[in-house]
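Below: the structure, in structure tokens.
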Amino acid sequence: MSKKEIRELITDLHGQGFAVRRTRRGHFQVTKNGQVVAVIAGTPSDYRSSRNGLAALRRAGYCHTKFA
Numbered sequence: 001m002s003k004k005e006i007r008e009l010i011t012d013l014h015g016q017g018f019a020v021r022r023t024r025r026g027h028f029q030v031t032k033n034g035q036v037v038a039v040i041a042g043t044p045s046d047y048r049s050s051r052n053g054l055a056a057l058r059r060a061g062y063c064h065t066k067f068a
């Protein structure tokens, strides 16, 4: 996932009621109702990590076809 796609995803997550914060290590921690639902890689280098993070987001109620 490119940096541009990560920015778009974060914007979309905010619109769906998720909270996103950047960790000290550069990842993005996604929470909903105070519960951590996923941690997204902050760089585009790890393909599987991005896919696993998106799967966790879908299980938590995130719905968007662009990042499927």
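Position 53 of the sequence shown, counted from 1, bears residue number 53 in UniProt numbering, the numbering being contiguous throughout.
Cβ coordinates follow ideal geometry from the N, Cα and C atoms, glycine included.
These figures come from a predicted structure and were not determined experimentally.
Residues sharing a beta bridge with K32, DSSP: Paired residues: Q35.
Write down the C-beta distance between A60 and S49 rounded to the nearest angstrom, noting that I regard them as a contact closer than 8 Å. That pair is no contact at about 17 Å.
Local conformation of R48 per DSSP, three classes: helix
With distances taken Cα to Cα, identify the nearest neighbour of A38 among R51, K3 and R7. R51
Neighbourhood of I10 by C-beta, 7 Å cutoff - its chain only, sequence neighbours within 5 removed: V20 and F28
Cβ of K32 within 8 Å of Cβ of F18? yes
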